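Trainee:
Number of protein chains: 2
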Amino acid sequence: MGMLLTPQLKEYADFLDKLAEAAAQITLSMFKKPLNAINKGKKLQLDFDPVTKADQQTESVIRTLINQTYPSHNILGEEHGKEHNHKNDTDTSWTWVIDPIDGTRAYICGIPTWGTLIALNDGIYPIIGMMDQPYLKERYLGTTTGSYLNGVKINCRPCYKLTDATVSTTDPTQFFATDDDLRAYNRVASKARLVRNGLDCYGYAMIAAGFVDVVIESGLEAYDIQALIPIIEGAGGVVTSWTGKSAAQGGQVVACASAELHKEVLTLLNG
Amino acid sequence: MGMLLTPQLKEYADFLDKLAEAAAQITLSMFKKPLNAINKGKKLQLDFDPVTKADQQTESVIRTLINQTYPSHNILGEEHGKEHNHKNDTDTSWTWVIDPIDGTRAYICGIPTWGTLIALNDGIYPIIGMMDQPYLKERYLGTTTGSYLNGVKINCRPCYKLTDATVSTTDPTQFFATDDDLRAYNRVASKARLVRNGLDCYGYAMIAAGFVDVVIESGLEAYDIQALIPIIEGAGGVVTSWTGKSAAQGGQVVACASAELHKEVLTLLNG
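From first to last, the protein sequence lines stand for chains B and H.
Under the working numbering, the first residue of the first sequence is numbered 1, with each subsequent residue one higher.
Under the working numbering, the first residue of the second sequence is numbered 1001, with each subsequent residue one higher.
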C-alpha cells in the first residue's frame, strides 16, 4: 500500500526525498571513515574536523536546495542559524527546520543511530517531518495523514502502561541539566519494563515503528525535535513538553506511544 | 587483500561463517518484528517471549552444528550452560564460547548494536572470535594473525592518550554493581574527549575498526567477552581485567586501542 498524502504533502514528501539523497551523499562519504592523526606541536592528536565539516556541508547543501525550490520560505538550522527570506510576504511564516546530523557522537563512533532531520513548519507547527538514516537505508516520514518507513505505514505499538513500556533517553548521566530533571527521569525509568539509553533521534523513530514506548529528554533545540513530532504523531503517539504543552520549541520533551502512557508519564515527571 | 590465516584458523573461520549464517536466519526473522499484545486476566500486556525464544533457538542451532562438526569439543553458552563432550580425550579442553544475542535490550528495541558472539578457546585462551551483526551485514573476525571486517583487515586507530579518546560503556547507571566501580569508570570518562554509552558488543567492534578507543565494563560473563578478545587484540588493541590480568573469564573488563592508552586507563581505574 502506498502513502496516502494530499497533493501538497506529496510535493513536500518528494522534496524531502531529494533533500535526504543529497544529504546522504555527504554524510555517508565521511561516516565510518578514519580520522586523521595530526601533529600539534610534538603531540599526535586525532583530527575531529572532518565530522564538523560533514555536519556543516550537509546543512549547506540542504539550504541551497531549499532556497532554489522555495525561495520565500525561511530556514532554521543547527549549523548556520536562522535565515529569513522575505521575497514573498504571503508565506514568510513557513520555515524548514534542519538538523543535518542529529547524534554527532554516534556518527563519530561509527554507530548508525544518527539521522538527518528535516521538518517543514507552517508558522505554527511542523506539518511534515523526515528522519533519514542512510547507512541503514531507513527513511521515516511523518505527516498529518500518517507515518511511513520507506513508504510503508508504521504505527506505535499498543503499550498503555509504564510497567509494559521500554523507556529511553540519550544519556542520563550527561543529558539532564539539573538534578531535578534527572530525578524526574528516574521516577519514570524506575517503573519501566526496560530502559535503553544512547539512541538520539533513532529512539523517537523506534517509538513510531513500535519498538520503544517512551523517550524523555531535556535541553533540546527546536531543530532536534520538529522533524520527529509529525513522525510520532502520525504513528499514533504523543509528543509534548514535560508540562504537556507543545514540544516544537524543544526544551524538556517527552514522547510516548499512546495517550494513556503519556498521561502516566507526565504525572510522574511532575512529581 | 584476502585474510592471512593458517590452515587451522582458516578451517575455524569458515566454520564460524557457517554458524553466523545459521544464527542470522533466526535472529533476523524476529528482529524488528512487533511483539504480540496478550491478555493476562483483564490486562493487556506485551509478550516479550519471542525475544527469549530467538536467543534460545539461536544457541540451539549453533550447538547442533558444533556437535556435528566438532563432537569432541566442549560448548559454553549463555542460554544452555556448559556442555562437556568427552568422546575424544585428547582435545577436551577445546571449548566453543557462545552468546547467541549479545545486547538483548538493543535487539528488543529494534537497534542494530546487538551481535552474535562465538569464540573458540583452546583451553587457555580464545584463539579465534567472531561478532556477527547481520542486519548491518558486518561480520568481525579476530585471530592471532589479524582482525577483519567482512574479510578486510581492520586496525585500532592511533590513539595514545585519554584526552584524545572516545570512551564507552553499556550503561553507567545500571551496569556497575558498586559505587566504587562507577567512580572508577567516572575517573576515566571525565578525562576522555568523548563519551558514548549503550553499545554492547558493538562498542568493542568499533575499537577494532578504529572509531572508539576505550570500553569499560563490569559484571561480564566469559561468553560476553571471549569472542571480542581476539577481535581487539588482532587489530592491535589490548583487553584485560581492570587489574591487568586475563579478561577471558569476564568480570571487570577494559579494552583499549593501544598499550599506551591501556596503561593510562588502568592507572585511573585503580585509583
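All C-beta atoms, glycine included, are put in the ideal place defined by N, C-alpha and C.
Note that the structure is predicted; figures quoted are calculated from it, not measured.
1) Determine which residues share a DSSP beta bridge with I1154(H) and list them.
2) Going by Cα to Cα distance, which pick from N121(B), R63(B) and Y125(B) is closest to P100(B)?
3) Quick one: Cα of D224(B) to Cα of N1074(H), how far?
4) What separation, rounded to the nearest whole angstrom, lies between the Cα atoms of S1147(H) and G1237(H)?
5) Are the CB atoms of W96(B) and G123(B) nearer to each other than 9 Å?
6) Tell whether a beta-carbon distance below 9 Å holds between Q56(B) and E21(B).
7) Got a sec? Which residues, its chain only, sit under 7 Å from Y185(B) by beta carbon, not counting five neighbours each side?
8) Determine whether the beta carbon atoms of A247(B) and I207(B) lie at a separation below 9 Å.
9) Check whether the Cβ atoms of T144(B) and M131(B) lie closer than 9 Å to each other.
10) Under 9 Å Cβ-Cβ, which residues of chain H neighbour Y70(B)?
11) Give the DSSP-derived three-state secondary structure of V1212(H) in the structure shown.
12) Run through chain B and tell me which residues come within less than 8 Å of F972(H), C-beta to C-beta.
13) State the CB to CB distance for the pair A1227(H) and A1119(H), rounded to an integer number of angstroms; the pair is presumed to be in contact (CB under 8 Å).
14) Return the residues of the stretch 1087-1119 of chain H that lie within a Cβ-Cβ distance of less than 9 Å from chain B, sorted by chain order.
15) Considering only C-alpha positions, which residue in the set D1049(H), A1054(H), K1161(H) and V1152(H) is nearest to L1261(H)?
16) Closer than 9 Å, CB to CB, is R157(B) near chain H or not?
17) Does DSSP put D1270(H) in a helix, a strand or coil?
18) Do K32(B) and A1209(H) come within 9 Å of each other at the CB atom, strictly closer than that value?
19) Compute the Euclidean distance between the alpha carbons of L1194(H) and D1200(H), then round it to the nearest angstrom.
20) Along chain H, in chain order, which residues have C-beta atoms closer than 8 Å to that of M206(B)?
21) Using a Cβ-Cβ cut-off of less than 9 Å, give me the residues of the stretch 10-36 of chain B that come near chain H, in sequence order.
22) Within a Cβ cutoff of 6 Å, which residues of the same chain sit near Y1239(H), ignoring the five residues on either side of it in sequence?
23) Where G250(B) and G103(B) are concerned, what is the direct C-alpha to C-alpha distance, given to the nearest angstrom?
24) Which whole-angstrom value is the C-beta distance of F48(B) and L28(B), which I expect to be below 8 Å?
25) Who are the near neighbours of D1164(H) in its chain, counting only those whose CB is closer than 8 Å to its CB and skipping five residues on each side?
26) From what residue to what residue does the beta strand (DSSP E) around I1101(H) run?
27) When DSSP builds the beta bridges, which residues end up paired with Y12(B)?
28) Going by the beta-carbon positions, is the gap between L1136(H) and M1003(H) smaller than 9 Å?
29) How many angstroms separate the CA atom of N1274(H) from the CA atom of R187(B)?
30) Name the chain H residues whose beta carbon is nearer than 9 Å to that of D171(B)?
31) Which residue comes first and which comes last in the beta strand (DSSP E) that contains L187(B)?
32) Taking CB distances under 9 Å as the criterion, tell me whether S1168(H) reaches chain B.
33) By the 10 Å Cβ neighbour count, where 16 or more other Cβ atoms means buried, how is N1121(H) classified, buried or exposed?
34) Since Y202(B) meets chain H, which of its residues come closer than 8 Å, beta carbon to beta carbon?
35) Assign G271(B) to buried or exposed, taking buried as 16 or more other Cβ atoms, counted over all protein chains shown, within 10 Å of its Cβ.
36) Considering only the alpha carbon of each residue, which of I1026(H), L1076(H), G1077(H) and A1235(H) lies closest to K1053(H)?
Mentor: Concretely, from the data shown:
1) In the second sequence, residue 1154(H) corresponds to position 154, counting from 1. DSSP, once it has assigned bridges, lists S1147(H) as partnering I1154(H).
2) Here residue 100(B) refers to the residue found at position 100 of the first sequence. When only C-alpha atoms are compared, the closest one is R63(B).
3) Your numbering for residue 224(B) matches position 224 in the first sequence. Your numbering for residue 1074(H) matches position 74 in the second sequence. About 50 Å.
4) Residue mapping note: residue 1147(H) aligns to position 147 of the second sequence, counting from 1. Residue mapping note: residue 1237(H) aligns to position 237 of the second sequence, counting from 1. So the alpha carbons of these two residues sit roughly 10 Å apart.
5) Here residue 96(B) refers to the residue found at position 96 of the first sequence. Here residue 123(B) refers to the residue found at position 123 of the first sequence. Taking 9 Å as the Cβ cut-off, W96(B) and G123(B) do not qualify as a contacting pair.
6) As a position in the first sequence, residue 56(B) is number 56, starting the count at 1. As a position in the first sequence, residue 21(B) is number 21, starting the count at 1. Not a contact, by the Cβ cut-off of 9 Å.
7) Mapped onto the first sequence, residue 185(B) falls at position 185. So the list reads T169, P172, F176 and I216, once near-sequence residues are dropped.
8) Taking the first residue of the first sequence as 1, we reach residue 247(B) at position 247. Taking the first residue of the first sequence as 1, we reach residue 207(B) at position 207. Result no, Cβ atoms of A247(B) and I207(B) do not sit closer than 9 Å.
9) In the first sequence, the residue the question calls residue 144(B) occupies position 144. In the first sequence, the residue the question calls residue 131(B) occupies position 131. Their beta carbons are not under 9 Å apart, which means T144(B) does not touch M131(B) by this criterion.
10) Within the first sequence, the letter at position 70 stands for residue 70(B). None at all; the shortest Cβ gap to chain H is about 34 Å.
11) Taking the second sequence and counting its residues from 1, one reaches residue 1212(H) at position 212. Note: V1212(H) maps to coil in three-state DSSP.
12) Outside the displayed range of chain H (1001 to 1271) lies residue 972(H), so it cannot be described from this structure.
13) In the second sequence, residue 1227(H) corresponds to position 227, counting from 1. In the second sequence, residue 1119(H) corresponds to position 119, counting from 1. That belief holds up - the Cβ atoms of A1227(H) and A1119(H) are roughly 4 Å apart, short of 8 Å.
14) R1105, A1106, I1108, C1109, G1110, I1111, P1112 and T1113
15) Taking the first residue of the second sequence as position 1, residue 1261(H) is located at position 261. Nearest option by C-alpha distance: K1161(H).
16) The sequence position of residue 157(B) within the first sequence is 157, counting from 1. Yes, because at least one Cβ of chain H sits closer than 9 Å to the Cβ of R157(B).
17) Position 270 of the second sequence, counted from the start, is the residue given in the question as residue 1270(H). With the sequence shown as reference, residue 1270(H) is identified as Asn, and Asp is not the correct amino acid for it. N1270(H): coil per DSSP, three-state reduction.
18) Here residue 1209(H) refers to the residue found at position 209 when the second sequence is read from its first residue. Here residue 32(B) refers to the residue found at position 32 when the first sequence is read from its first residue. Contact: yes.
19) Taking the first residue of the second sequence as 1, we reach residue 1194(H) at position 194. Taking the first residue of the second sequence as 1, we reach residue 1200(H) at position 200. L1194(H) and D1200(H): Cα-Cα distance of roughly 17 Å.
20) What you label residue 206(B) is simply residue 206 of the first sequence in a count that begins at 1. C1109, G1110 and I1111, listed in chain order.
21) K32, P34 and L35
22) To locate residue 1239(H), count along the second sequence from 1; it is residue 239. The sequence shown places Val at residue 1239(H), not Tyr. Here the set comprises I1229, I1232, A1247 and A1255.
23) Indexing the first sequence from 1 puts residue 250(B) at position 250. Indexing the first sequence from 1 puts residue 103(B) at position 103. Going by the C-alpha atoms only, they are around 16 Å apart.
24) Working through the first sequence from its first residue, we reach residue 48(B) at position 48. Working through the first sequence from its first residue, we reach residue 28(B) at position 28. Between L28(B) and F48(B) the Cβ distance is about 18 Å, and since that is not below 8 Å, they are no contact.
25) Residue 1164(H) sits at position 164 when you count from the first residue of the second sequence. For D1164(H), where only same-chain residues beyond five positions count, the Cβ hits under 8 Å are R1193 and D1213.
26) Along the second sequence, one-based indexing puts residue 1101(H) at 101. Segment T1095 to D1102, the beta strand (DSSP E) holding I1101(H).
27) Taking the first sequence and counting its residues from 1, one reaches residue 12(B) at position 12. Answer by DSSP bridge pairing: none, since Y12(B) is not bridged.
28) The residue you call residue 1136(H) lines up with position 136 of the second sequence. The residue you call residue 1003(H) lines up with position 3 of the second sequence. No, the Cβ-Cβ distance between L1136(H) and M1003(H) is not below 9 Å.
29) No answer is possible for residue 1274(H): it lies beyond the span of chain H, which begins at 1001 and ends at 1271.
30) Here the question's residue 171(B) lines up with position 171 in the first sequence. Near D171(B) (Cβ distances below 9 Å), the residues of chain H are P1172, V1195, R1196, N1197 and G1198.
31) Start at 1 with the first residue of the first sequence, and residue 187(B) comes out as number 187. Note that residue 187(B) is Arg in the sequence shown, not Leu. Careful: R187(B) lies outside any beta strand (DSSP E), inside the alpha helix (DSSP H) at D179 to A189.
32) If you number the second sequence from 1, residue 1168(H) lands on position 168. Yes, because at least one Cβ of chain B sits closer than 9 Å to the Cβ of S1168(H).
33) Stepping through the second sequence from its first residue, residue 1121(H) is reached at position 121. N1121(H) is buried by the Cβ-count criterion.
34) Counting from 1 along the first sequence, the entry for residue 202(B) is found at position 202. Those within 8 Å of Y202(B) in chain H are I1111.
35) Taking the first sequence and counting its residues from 1, the one referred to as residue 271(B) is at position 271. Flag for G271(B) reads exposed.
36) Working through the second sequence from its first residue, we reach residue 1053(H) at position 53. When only C-alpha atoms are compared, the closest one is I1026(H).
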